[in-house]
Amino acid sequence: MSALAKFLSMNGFEVSGSDGVKSEETENLAFYNIKIYIGVDELRKELLHADMVVYTDAIPFTHKELIKAKELQKKLFSRAELLGLIAEHFQHVIAVAGSHGKTTCTAMCAHILKNLEVPFTAHIGGHDSSFGNFYSSGMEYLVTEACEYKKNLLRLNAETAILLNIDRDHMECYAGEEDLKETFKKYCMRAKTAFVCADDEKCMQFGQFSTFGIKNTLADYRATDLRVYNEKYIFTVEEYGKALCRVKLNAMGQCNIYNALAAFAAMRSFGFHEREIQKGLETFAAVKRRFEKIGDYKGASFICDYAHHPKEILSTLSTAEGICKKNLYVVFQPHTYSRTKLLMKDFVKVLRPIKNLIIYKTYPAREKYDEEGSAEHLAHIVGNCLYAENIYVLKMWLKRTVREGDIVLFLGAGDIYYAAQYLLNELK
756 MSALAKFLSM
766 NGFEVSGSDG
776 VKSEETENLA
786 FYNIKIYIGV
796 DELRKELLHA
806 DMVVYTDAIP
816 FTHKELIKAK
826 ELQKKLFSRA
836 ELLGLIAEHF
846 QHVIAVAGSH
856 GKTTCTAMCA
866 HILKNLEVPF
876 TAHIGGHDSS
886 FGNFYSSGME
896 YLVTEACEYK
906 KNLLRLNAET
916 AILLNIDRDH
926 MECYAGEEDL
936 KETFKKYCMR
946 AKTAFVCADD
956 EKCMQFGQFS
966 TFGIKNTLAD
976 YRATDLRVYN
986 EKYIFTVEEY
996 GKALCRVKLN
1006 AMGQCNIYNA
1016 LAAFAAMRSF
1026 GFHEREIQKG
1036 LETFAAVKRR
1046 FEKIGDYKGA
1056 SFICDYAHHP
1066 KEILSTLSTA
1076 EGICKKNLYV
1086 VFQPHTYSRT
1096 KLLMKDFVKV
1106 LRPIKNLIIY
1116 KTYPAREKYD
1126 EEGSAEHLAH
1136 IVGNCLYAEN
1146 IYVLKMWLKR
1156 TVREGDIVLF
1166 LGAGDIYYAA
1176 QYLLNELK
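Quick note: the sequence shown, position 146, residue 901 per this note's numbering, numbers continuous.
This is how it looks when you write it as structure tokens:
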């Protein structure tokens, strides 16, 4: 939402808003002349005089400011609807969809476009180390994430569509897995060009789109001759079987090779030269909360990752195990009761083999407590792990446990990131 607010402010709109709590992002918006009020006030003059009111999916329809806006007959738009409206004003729209990897792939696309020196705007779901969550040098190209929550990706008309993968997430918004797959297929079919992952079985059921991958030898864009040097991936990009260039990727994890291939393929669809795309990809460093090292304690590395789905956890664990010299400690915060309950068996399968596991209290987001989907229940079923109801338990455990050379991996999409930062400061 904040990236859209920045875009509107830069383009001459008077923008204000409200949030429940003060944060780094609400402070950052002040640099764009955007006033953010903390707390709810349905009589605030900015609301009374607004021409348009935009809300995120996290805002319930019982929110007092939203109710007041309806009473005043304001034009109401969801965040996804606003993004769709903004996208209509760009010559070219590149959208990145999939259950995992959207933010990183979108950021990679932004780095390529910046290196190409074309006028573009990037709307990123996380914070890139160079751009933050927003960058704009013009309105020729728009690169943005297309989220499947509430089928929001169908509100976006992309010229070039990327589909990284399909997994069971946000299932409360779908009638079932077939409905989820059909929604992703519709998203791809609406684009002039669509690229889907050739190594994802569900993506390949669609059949008629261009592909990228590593394992599938028939992929249109393929990474071959993979090497690891100084904890970085180096690989050759092949286009329809022909080697184009070698790419040195400054990001850990095989998942990032898929992200890079997708970004590469999308840029080739616009006719950009492979060497310029390669240079742009190699300027990418990291996205906040994507295997981000936040500091050290007693010689142990504290690393945070957004992984909150079983497959994401597996991928991140694989990356961490590949670089860990001594003990790997995993602190996982389940994200919402409904997701944990739906994927309980998958979570147990992934978490049970972890030797040193701490399960931290659930981040509920917009949900009410559900014992069957709680972190306590998950910890009980997993067994052989510690359940931490509060940050004090984590602090005491870390203080007596970690040693030099260890890695403490904090996983989750909730406030575990801020808990990790707090712990690091407290322990020091």
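Where a beta carbon is used, it is the ideal one built from N, C-alpha and C, also for glycine. All values derive from a computational prediction rather than experimental measurement.
Item: Does any residue of chain C have a CB that is nearer than 8 angstroms to the CB of residue 1011?; Value: Looking at the structure shown, chain C is missing, and only one protein chain is on hand.
Item: Keeping to the same chain, check which residues put their C-beta closer than 6 angstroms to that of residue 714; ignore five residues upstream and five downstream.; Value: No answer is possible for residue 714: the residues shown for the chain start at 756 and end at 1183.
Item: Can you check whether the CB of residue 1046 is closer than 8 angstroms to the CB of residue 1032?; Value: no
Item: Quick test of your reading: residue 841 and residue 759, contact by CB under 8 angstroms. State the CB separation rounded to the nearest angstrom.; Value: 7 angstroms
Item: Let's test the definition: count the other Cβ atoms within 10 Å of the Cβ of residue 1061 and tell me whether it reaches 16, buried, or not, exposed.; Value: buried
Item: Identify which residue in 883, 953, 1147 and 833 has its Cα closest to the Cα of residue 864.; Value: 883
Item: Is the separation between the beta-carbon of residue 1162 and that of residue 1055 shorter than 8 angstroms?; Value: yes
Item: Could you give the DSSP three-state label for residue 1216: helix, strand or coil?; Value: Past the edges of the chain, shown from 756 to 1183, lies residue 1216, and the structure says nothing about it.
Item: When the Cα atoms are used, what is the spatial distance from residue 811 to residue 1109?; Value: 36 angstroms
Item: Going by beta carbon distance, what residues of the same chain come within less than 8 angstroms of residue 1063, once the five residues before and after it are set aside?; Value: 1088, 1089, 1090, 1094, 1166, 1167, 1168 and 1169
Item: Among 900, 1025, 1077 and 803, which has the Cα closest to the Cα of residue 879?; Value: 900
Item: Please specify which runs of the alpha helix (DSSP H), each continuous and at least 4 residues long, are wholly inside the stretch 779-804, giving them in chain order.; Value: 779-783 and 800-803
Item: For residue 939, which of helix, strand or coil comes out of DSSP?; Value: helix
Item: Using the beta-carbon count (16 or more within 10 Å), is residue 739 buried or exposed?; Value: Residue 739 falls outside the range modelled here, since the chain spans only 756 to 1183, and no answer is possible.
Item: Give the DSSP-derived three-state secondary structure of residue 1075 in the structure shown.; Value: helix
Item: Consult DSSP for residue 1008 and reduce its assignment to one of helix, strand or coil.; Value: coil
Item: Helix, strand or coil for residue 762 per DSSP?; Value: helix
Item: Tell me which residue opens and which closes the alpha helix (DSSP H) that residue 1147 is part of.; Value: 1146-1156
Item: Check each candidate in 1011, 1067, 1084 and 1036 and name the one with the smallest Cα separation from residue 1057.; Value: 1084
Item: Apply the 10 Å Cβ neighbour rule to residue 1006 and answer buried if 16 or more other Cβ atoms are within range, or exposed otherwise.; Value: buried
Item: Distance check for residue 1067 and residue 940, CA to CA, integer angstroms please.; Value: 22 angstroms
Item: Of all the options 1103, 1111 and 955, which has the alpha carbon lying nearest to the alpha carbon of residue 1082?; Value: 1111
Item: Residue 1103 and residue 1136: beta carbons closer than 8 angstroms?; Value: yes
Item: How would you label residue 924, buried or exposed, when you count the other beta carbons within 10 angstroms and need 16 or more for buried?; Value: buried
Item: Start and end of the alpha helix (DSSP H) containing residue 1118?; Value: Element bounds for residue 1118: n/a, residue is neither H nor E.
Item: Go through its chain and collect everything with a Cβ distance to residue 1022's Cβ below 6 angstroms, but skip five positions before and after it.; Value: 867 and 1032
Item: Looking at the strands, I want to know which residues DSSP matches up with residue 884.; Value: DSSP output for residue 884 lists no bridge partner at all.
Item: If you follow the alpha helix (DSSP H) that residue 834 is part of, which residue opens it and which one closes it?; Value: 834-842
Item: Could you give the distance in angstroms between the alpha-carbon of residue 973 and the alpha-carbon of residue 1013?; Value: 15 angstroms
Item: Can you check which of these residues, 944, 985, 857 and 768, is closest to residue 919 by C-alpha distance?; Value: 857
Item: Tell me which residue opens and which closes the beta strand (DSSP E) that residue 1059 is part of.; Value: 1055-1060
Item: Determine the extent of the beta strand (DSSP E) in which residue 773 is found, giving its start and end residues.; Value: 771-774
Item: Cutting at 6 angstroms between CB atoms, please list the residues of its own chain near residue 1037, excluding the five before and the five after it.; Value: 1003
Item: List the endpoints of the continuous beta strand (DSSP E) containing residue 1050.; Value: 1047-1052
Item: Give, in chain order, every unbroken run of the alpha helix (DSSP H) that is at least 4 residues long and sits entirely within the stretch 864-934.; Value: none
Item: Could you tell me which of 804, 854 and 839 sits nearest to residue 936, measuring between CA atoms?; Value: 854
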